[in-house]
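See below for the structure under consideration.
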Amino acid sequence: MKVIVVKDYTELSKKAAFFVAEEIKKKPDLVLGLATGSTPLGMYRELVKLFQNGEVDFSRVITFNLDEYVGLSPEDKNSYHYYMFENFFKHINIPPENIHIPNGIADDIEEECRRYDEEILKYERIDLQILGIGINGHIGFNEPGDELITSTHVTELSEETRKANSKFFESPDEVPRFAITMGLGTIMKARKILLLASGKEKAKIIFEFLGEESVSTKVPASFLLIHPDVTCIIDEKAAQLIKGQG
Ligand code: GLP
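Quick note: the sequence shown uses numbering that gives the first Met the number 0, first residue 0, plus one each step.
Spelled out as C-alpha cells, the structure:
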C-alpha cells in the first residue's frame, strides 16, 4: 500500500484529481468506481477544472457508484444520484448511459442489487475505485460486523454512520436506515484503489487501519491491506497519529 501524506484538503483534492486524470489518459474507457461523502467533493471540483481546461476527456469513461440510500429518489437532494449530478456529472462530458448508480427506489431492491452486479460484470471489473473511509472503518456502506458480503447488497446503516452522515440532512432522523452498497468482493476485485481521508476526525481510524496486522470484518477497510494496488492520499490532519510515512 502506498501512503501519500499531503499538507491539506486542497492538495489532497488536486492530487486525487490528477491521479484519476492520469488513469483516464492511459485508458480512455476507464471503468471508474466513484464515492460520495464530503471527502471527494474537492477532487470532483478539480476534475471539472481539468475537464474545462481540456486536460481530461470523460466521453468514454464508464462510472459505477459505490452506494445509494434506500428510499431516496434521484431528485432527492440527499440522494447520491443528486450529489453525483450536481457535483460532477452535469459539469463534464460523460454520456448519461455510461453512468451507473444503484436505484434506491427500485420496486424490487434485491433484484436491483443483482442487476447492478451484472452491469459491473459486463466490464469484468472496476479499473480504478475511489474510496472514502467512515470513522468506523466502513468502505462504501460495508459496515463493521461479523461478516462482510461480497456482492452488491442492502445493508442496515450503523448508528455511528447515520450520525456522521446526518451533517447532510436537516435532522438525524431523516438519515435513511438502509442503503444499497457494492460489496467488498467487487471493491477488492478493482485493479487499482485510491482511498482518500481528510480531517482530524479520520485520524483515529487511519491510524488503526494502517496499523492492522490482520484483516478483520470489524474494520472493513483493513481488507485493503491485502489488495495489491492501493494508494491512500491523506492530509496532515488525518495522518496526525501515523509517523514516518509519506
Ligand atoms: C459515507 C459513504 C462512504 C464515504 C464515507 C465517508 O457513508 N457511503 O462511501 O466514504 O461515508 O464520508 P465523508 O467523506 O463524508 O467522511
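Positions of the beta carbon are idealized from the N, C-alpha and C atoms, including for glycine. Computed from a predicted model, the values in this text were never measured in an experiment.
Check	Outcome
Heavy atom of ligand 1 within 7 Å of glycine 131 beta-carbon	yes
Close-in-space but distant-in-sequence residues of the same chain around lysine 13 (CB under 7 Å, 5 per side omitted)	Glu45
Host alpha helix (DSSP H) of threonine 160 (start-end)	158 to 164
Spatial distance of serine 213 from serine 221 (CA atoms)	8 Å
Chain D contact for alanine 238 (CB, 8 Å cutoff)	The structure shown has no chain D; it contains just one protein chain.
Backbone secondary structure at glutamine 244 - three-state DSSP	At glutamine 244, the pLDDT of 48 sits below 50, so the modelled position is not reliable; the number obtained from the coordinates is stated separately. Residue state, collapsed to three classes: coil.
Short Cβ contact (8 Å threshold) for valine 69 with valine 174	no
Contact set for valine 30: own chain, Cβ-Cβ below 6 Å, skip 5 residues either direction	Ile61, Tyr122, Ile125, Asp126
Limits of the unbroken beta strand (DSSP E) element including glutamine 239	From DSSP, glutamine 239 is part of no beta strand (DSSP E); its letter is neither H nor E.
Beta-bridge partners of glycine 32, as assigned by DSSP	Phe63, Gln128
Beta-carbon proximity of leucine 49 to alanine 15, cut-off 8 Å	no
Coarse secondary structure for histidine 137, derived from DSSP in three states	coil
DSSP beta-bridge partners of lysine 201	None, per the DSSP bridge assignment.
Any non-hydrogen atom of ligand 1 closer than 7 Å to leucine 33 Cβ	no
Distance between cysteine 231 and glycine 136 (C-alpha atoms, nearest Å)	14 Å
Buried versus exposed call for proline 39 [16 or more other C-beta atoms within 10 Å across all chains shown]	buried
Spatial distance of aspartate 228 from leucine 183 (CA atoms)	15 Å
Cβ-based burial, glycine 245 [other Cβ within 10 Å; buried from 16]	Legend: pLDDT at glycine 245 = 45, less than 50; position of this residue unreliable, no value from coordinates given.
Nearest-angstrom Cβ-Cβ length linking isoleucine 104 and methionine 83, presumed shorter than 8 Å	The Cβ separation is near 16 Å, so there is no contact.
beta-carbon serine 157 near ligand 1 non-hydrogen atom, thresh 7 Å	no
Residue interval of the alpha helix (DSSP H) (run including histidine 80)	79 to 86
heavy atom of ligand 1 below 7 Å from serine 37 C-beta	yes
Own chain partners of glycine 133 with C-beta closer than 6 Å, once the 5 adjacent residues on each side are dropped	Thr160
Contact belief for phenylalanine 140 with leucine 156 at Cβ below 8 Å, rounded distance in angstroms	7 Å
Three-state secondary structure assigned by DSSP to threonine 151	coil
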